[in-house]
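Asks: Dumping the structure here so I can ask a few things about it.
Protein chains: 2
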Amino acid sequence: MSSQRFEILATDGAARAGCLHMARGTVRTPAFMPVGTAGSVKAMLPESVAETGADIVLGNTYHLMLRPGAERIARLGGLHKFMNWPRPILTDSGGFQVMSLASLRKLTEEGVRFRSHIDGAEYFLSPERAMEIQRLLGSDIQMALDECAPFPSTEAVIEKSLALSMRWAKRSKAAFGEQEHQSCFGIVQGGVYPHLRRRSAEELTGIGFDGYAVGGLAVGEGQAAMFEVLEATLPHLPSDRPRYLMGVGKPDDIVGAALRGVDMFDCVLPTRSGRNGQAFTWKGPLNLRNARHAEDAAPLDADCSCPACKSYSRAYLHHVVKSGEIIASMLLTWHNLTFFQDLMRAFREAVTQKMAASFAQSFLAGYRAGEPEEGG
Amino acid sequence: MSSQRFEILATDGAARAGCLHMARGTVRTPAFMPVGTAGSVKAMLPESVAETGADIVLGNTYHLMLRPGAERIARLGGLHKFMNWPRPILTDSGGFQVMSLASLRKLTEEGVRFRSHIDGAEYFLSPERAMEIQRLLGSDIQMALDECAPFPSTEAVIEKSLALSMRWAKRSKAAFGEQEHQSCFGIVQGGVYPHLRRRSAEELTGIGFDGYAVGGLAVGEGQAAMFEVLEATLPHLPSDRPRYLMGVGKPDDIVGAALRGVDMFDCVLPTRSGRNGQAFTWKGPLNLRNARHAEDAAPLDADCSCPACKSYSRAYLHHVVKSGEIIASMLLTWHNLTFFQDLMRAFREAVTQKMAASFAQSFLAGYRAGEPEEGG
Numbered sequence: 001m002s003s004q005r006f007e008i009l010a011t012d013g014a015a016r017a018g019c020l021h022m023a024r025g026t027v028r029t030p031a032f033m034p035v036g037t038a039g040s041v042k043a044m045l046p047e048s049v050a051e052t053g054a055d056i057v058l059g060n061t062y063h064l065m066l067r068p069g070a071e072r073i074a075r076l077g078g079l080h081k082f083m084n085w086p087r088p089i090l091t092d093s094g095g096f097q098v099m100s101l102a103s104l105r106k107l108t109e110e111g112v113r114f115r116s117h118i119d120g121a122e123y124f125l126s127p128e129r130a131m132e133i134q135r136l137l138g139s140d141i142q143m144a145l146d147e148c149a150p151f152p153s154t155e156a157v158i159e160k161s162l163a164l165s166m167r168w169a170k171r172s173k174a175a176f177g178e179q180e181h182q183s184c185f186g187i188v189q190g191g192v193y194p195h196l197r198r199r200s201a202e203e204l205t206g207i208g209f210d211g212y213a214v215g216g217l218a219v220g221e222g223q224a225a226m227f228e229v230l231e232a233t234l235p236h237l238p239s240d241r242p243r244y245l246m247g248v249g250k251p252d253d254i255v256g257a258a259l260r261g262v263d264m265f266d267c268v269l270p271t272r273s274g275r276n277g278q279a280f281t282w283k284g285p286l287n288l289r290n291a292r293h294a295e296d297a298a299p300l301d302a303d304c305s306c307p308a309c310k311s312y313s314r315a316y317l318h319h320v321v322k323s324g325e326i327i328a329s330m331l332l333t334w335h336n337l338t339f340f341q342d343l344m345r346a347f348r349e350a351v352t353q354k355m356a357a358s359f360a361q362s363f364l365a366g367y368r369a370g371e372p373e374e375g376g
Numbered sequence: 377m378s379s380q381r382f383e384i385l386a387t388d389g390a391a392r393a394g395c396l397h398m399a400r401g402t403v404r405t406p407a408f409m410p411v412g413t414a415g416s417v418k419a420m421l422p423e424s425v426a427e428t429g430a431d432i433v434l435g436n437t438y439h440l441m442l443r444p445g446a447e448r449i450a451r452l453g454g455l456h457k458f459m460n461w462p463r464p465i466l467t468d469s470g471g472f473q474v475m476s477l478a479s480l481r482k483l484t485e486e487g488v489r490f491r492s493h494i495d496g497a498e499y500f501l502s503p504e505r506a507m508e509i510q511r512l513l514g515s516d517i518q519m520a521l522d523e524c525a526p527f528p529s530t531e532a533v534i535e536k537s538l539a540l541s542m543r544w545a546k547r548s549k550a551a552f553g554e555q556e557h558q559s560c561f562g563i564v565q566g567g568v569y570p571h572l573r574r575r576s577a578e579e580l581t582g583i584g585f586d587g588y589a590v591g592g593l594a595v596g597e598g599q600a601a602m603f604e605v606l607e608a609t610l611p612h613l614p615s616d617r618p619r620y621l622m623g624v625g626k627p628d629d630i631v632g633a634a635l636r637g638v639d640m641f642d643c644v645l646p647t648r649s650g651r652n653g654q655a656f657t658w659k660g661p662l663n664l665r666n667a668r669h670a671e672d673a674a675p676l677d678a679d680c681s682c683p684a685c686k687s688y689s690r691a692y693l694h695h696v697v698k699s700g701e702i703i704a705s706m707l708l709t710w711h712n713l714t715f716f717q718d719l720m721r722a723f724r725e726a727v728t729q730k731m732a733a734s735f736a737q738s739f740l741a742g743y744r745a746g747e748p749e750e751g752g
């Protein structure tokens, strides 16, 4: 058994606030995990990522297996040492990005053969290889390999895909084996079909994982459908294990999902948006490229403690975004990650104070009513 | 008179070690000034620039006048506040970059009319406007506007250009006027012609500046010719004023020039090279893109105190350079700026110990004999 211990400190309705204790550190939940795709949370030094309040980051098996390669990272002492991040790391299984990035995919019962988007080299990913790669990386939370069916798909397609994912989940768990300090999470699939989601949750629970992810969401189904799927799924997962909603999301998605009992999130949104000149604030997202900021001496957010807000004007941020200066990506990524972590902290406090629903309501009102220059 | 005070603490042959005391801080000389072209030393936060040991940075009048504009920066409280760098700033006059970057230039006695390389808008730069812009920016050291003749040019062309530059120097000084805490530097021109350099130095000394720059070098004339020009020029400048070699340079150029009595340097080399995967070390430059670093667990330079060397392997740096990760630019720029500042510090100590020549010799031997994978 993994040494992981999930401590639920408070609940409020379906929402929970807790701590996921792991050998490399404790993750406060609900947690937002910044994405460090290829061994770097883009435009950030890892000590700065920690300063934003992040307890755990996500690494992408697909990117790392292609470059620099899992065996190479293992020879260099593992991913934590390689990327200078000594705290917990969760890695995905690579399956989702094989489907979205690789070319010439050929899916069989055994696994998926594909060509690298970097150099066209051929690779094979099976449940066994996905788990081997994550073990070589030294990942603290290793994800089972699943198949991500496209959205929209018919029920028959989803059912067939789900069955494969469940067989792969069993093989993933067997391949994970026994690791003293690492955990293995299974992934619920089933599209937007409640009975398939329930079946998936129950089958995974039968296999027995250290945590349970919900996959195949935030792929175009819309927020209402996503929340419905969560409501149909989470009650069928063991309440004493962490629940992770993969690839989500926008601040309002996160708040709504956490309210429904999700404990962990990851998304490229704060980092990618930061590189595109977009900043998240409690009054909604801002586009620093907009000319109205050109001579604004005010900070991005007077209440934020990040370097972008403490030491620079909106006018400066506008200037460096427009000029394509790297510092624009550095400062706005730092700000966005700080905002996401501040949001998680505020949500955890609201759960502790049994005020999760009213927090969510007032957050959404402010976030949606704020500066209306562009959508979320 | 400017409140600037130049204190020479030690000399060794023609070399000097000193302190340039200014209202916003003291600059240890010989000094290397990182280039912050458009209000940012690329890929660095200003506090990190200070951590490398830099006492002063350079801003480019040409870039800042086009975007975001000098009047706008003045309304926002000046360049120091805008870019969050409270220490001294030197700005160039814009002349050099008008010649190298702008289009449709038209040079007259009055000044130069040109079009922005960003949006084609028309601008006019005269000695008076160049000084006005630098005053609006709040620059601590403001450079006279000069004309930079192309290399190679005939003696007649250089002589004519020099005469214009000297008339512009007089107008620049007059336009600079009296500023309590700011300084104004003149720029020696004269190509590779010793008698013209001497004439230029003497004319500028006659006008009377707070410091003297040597311009029009490192434009293709080669190191030997550059050193000859310095030897023909520096003796004709007042020894109690700082001497600044503009746009130089490579580590071996800097050491040779400092040995001949130069006090200040600036160059994009450490920052630009950092963004291109090149790292400077005491054993010569390294290209981190080279496959031989792919599995090298050693740090870039075991004796360097920068974050790139303290916390990462060459293998990681190779990986992030190859992957185009922003952290590659951040770490290698930080390292290179640290190397340049360490080099200046070592040179200053050598002067203090009357060992400048032997320091230079042993530095060059190590730097040129090191890891011979590519030229400097």
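Here the protein sequences come in this chain order: A and L.
Just so we're aligned: the first sequence equals residues 1 to 376 in our numbering.
Just so we're aligned: the second sequence equals residues 377 to 752 in our numbering.
Glycine included, each C-beta is placed from N, C-alpha and C at the ideal position.
1) Flag this pair as yes or no: are the beta carbons of residue 11 of chain A and residue 262 of chain A separated by less than 9 Å?
2) Output yes if chain L places a C-beta closer than 9 Å to the C-beta of residue 329 of chain A; else output no.
3) If the cut is a Cβ gap below 7 Å, which residues of chain D does residue 701 of chain L touch?
4) What's the gap between the Cα of residue 129 of chain A and the Cα of residue 440 of chain L?
5) Would you list, in chain order, the members of the region 686 to 697 of chain L that have their beta-carbon closer than 7 Å to a beta-carbon of chain A?
6) List, in chain order, every chain L residue whose beta-carbon is nearer than 7 Å to that of residue 72 of chain A.
7) Tell me whether residue 375 of chain A sits in a helix, a strand or coil according to DSSP, three-state version.
8) Is the Cβ-Cβ distance between residue 233 of chain A and residue 255 of chain A less than 9 Å?
9) Can you tell me whether DSSP reads residue 255 of chain A as helix, strand or coil?
10) DSSP has residue 649 of chain L in a bridge; who is on the other side?
11) Taking the alpha carbon of residue 761 of chain L as the reference point, which residue from L/710, L/662, L/674 and L/661 has its own alpha carbon closest?
12) When you compare the region 730 to 749 of chain L with the region 451 to 468 of chain L, are there three or more beta-carbon pairs, one atom per stretch, that lie closer than 8 Å?
13) Sorted by chain position, which residues of the same chain lie with C-beta nearer than 7 Å to residue 221 of chain A's C-beta, five sequence neighbours on each side aside?
14) Closest by CA to residue 411 of chain L, which one among L/648, L/660, L/480 and L/565?
15) Considering only residues of the region 324 to 366 of chain A, which uninterrupted alpha helix (DSSP H) runs meet the minimum length of 4 residues and lie entirely inside it, listed in chain order?
16) Please give me, in chain order, every unbroken run of the alpha helix (DSSP H) with length at least 4 that falls completely inside the region 88 to 147 of chain A.
17) To the nearest angstrom, how far is it from the Cα of residue 368 of chain A to the Cα of residue 311 of chain A?
18) Look at the alpha carbon of residue 698 of chain L and the alpha carbon of residue 662 of chain L, and state the distance between them as a whole number of angstroms.
19) Comparing C-alpha positions only, which one of A/328, A/13 and A/56 sits nearest to residue 355 of chain A?
20) Any idea if residue 43 of chain A is buried or exposed, counting beta-carbon neighbours within 10 angstroms, 16 or more meaning buried?
21) Which residues in the same chain as residue 578 of chain L place their Cβ atom closer than 7 Å to its Cβ, once the five residues preceding and following it in sequence are excluded?
22) So what does residue 386 of chain L bridge to, in DSSP terms?
23) Using the Cβ count rule (16 or more neighbours within 10 Å means buried), how would you classify residue 742 of chain L?
24) Going by Cα to Cα distance, which pick from A/280, A/298, A/314 and A/318 is closest to residue 341 of chain A?
25) Taking 8 Å as the cut-off, does the region 400 to 415 of chain L touch the region 425 to 440 of chain L (at least 3 CB pairs, one atom from each stretch)?
26) How is the alpha helix (DSSP H) around residue 316 of chain A delimited, first residue to last?
27) In terms of residue numbering, what span does the alpha helix (DSSP H) encompassing residue 29 of chain A cover?
28) Beta carbon of residue 516 of chain L, beta carbon of residue 399 of chain L: below 9 Å?
29) Using a Cβ-Cβ distance cut-off of 9 Å, determine whether residue 45 of chain A contacts chain L.
30) What are the residues that DSSP puts in a beta bridge with residue 565 of chain L?
31) Since I believe residue 437 of chain L is in contact with residue 509 of chain L (beta carbons under 8 Å), could you give me their beta-carbon distance rounded to a whole number of angstroms?
32) Is DSSP giving residue 268 of chain A helix, strand or coil here?
33) At 4 residues or longer, and completely inside the region 550 to 619 of chain L: list those alpha helix (DSSP H) runs for me, N to C.
34) For residue 73 of chain A, does the count of other Cβ atoms within 10 angstroms reach 16, so buried, or fall short, so exposed?
35) Where does residue 378 of chain L fall in DSSP's three states?
36) Assuming residue 620 of chain L contacts residue 82 of chain A under a Cβ cut-off of 8 Å, what Cβ separation, rounded to an integer in Å, is found between them?
Replies: Straight from the coordinates:
1) Contact flag unset, no.
2) At least one beta carbon of chain L lies nearer than 9 Å to the beta carbon of residue 329 of chain A.
3) Although the question refers to chain D, the structure presented lacks it and instead comprises the protein chains A and L.
4) Their Cα atoms are separated by approximately 53 Å.
5) Result list: 687, 688, 689, 691, 692, 695 and 696.
6) 671, listed in chain order.
7) Unreliable positioning characterises residue 375 of chain A in this predicted model, as indicated by a pLDDT of 39, which lies under 50. A coordinate reading is not provided.
8) It is not a contact, given that the beta carbons lie outside the stated cut-off.
9) Helix, per DSSP.
10) The beta-bridge partner set that DSSP reports for residue 649 of chain L is empty.
11) Nothing can be reported for residue 761 of chain L: it is not among the residues displayed for chain L, which extend from 377 to 752.
12) Fewer than three beta-carbon pairs drawn from the region 730 to 749 of chain L and the region 451 to 468 of chain L are found closer than 8 Å, and the two stretches are therefore not classed as touching.
13) 151 and 192.
14) Comparing alpha-carbon positions, the option among L/648, L/660, L/480 and L/565 lying closest to residue 411 of chain L turns out to be L/648.
15) Here the runs fully enclosed are 326 to 352.
16) Whole alpha helix (DSSP H) segments, 4+ residues: 95 to 101 and 127 to 137.
17) The straight-line gap from Cα to Cα measures roughly 27 Å.
18) Roughly 14 Å separates the two Cα atoms.
19) Nearest option by C-alpha distance: A/13.
20) Of the residues assessed, residue 43 of chain A falls on the buried side of the cut-off, its CB having 16 or more other CB atoms within 10 angstroms.
21) Cβ within range, chain order: 612.
22) Secondary-structure assignment with DSSP links residue 386 of chain L through a beta bridge to L/393.
23) Residue 742 of chain L sits exposed, since fewer than 16 C-beta atoms from the chains shown fall within 10 Å of its C-beta.
24) The alpha carbon of residue 341 of chain A has as its nearest neighbour, out of A/280, A/298, A/314 and A/318, the alpha carbon of A/280.
25) By the C-beta criterion, the region 425 to 440 of chain L is judged to be in contact with the region 400 to 415 of chain L, since at least 3 inter-stretch pairs fall below 8 Å.
26) In the DSSP assignment, residue 316 of chain A falls within the alpha helix (DSSP H) that extends over 314 to 322.
27) Segment 25 to 29 is the beta strand (DSSP E) holding residue 29 of chain A; no alpha helix (DSSP H) there.
28) For residue 516 of chain L and residue 399 of chain L, yes; Cβs fall inside 9 Å.
29) At least one chain L Cβ lies under 9 Å of residue 45 of chain A.
30) In the DSSP assignment, residue 565 of chain L is bridged to no other residue.
31) Correct: roughly 5 Å between the Cβ atoms.
32) In the structure shown, residue 268 of chain A falls within a coil segment according to DSSP collapsed to helix, strand and coil.
33) Runs of the alpha helix (DSSP H) inside the region 550 to 619 of chain L: 570 to 583 and 599 to 609.
34) Buried is the call here.
35) If DSSP states are grouped into helix, strand and coil, residue 378 of chain L belongs with coil.
36) Residue 82 of chain A and residue 620 of chain L do not touch by the CB rule: their CB atoms are close to 42 Å apart, not below 8 Å.
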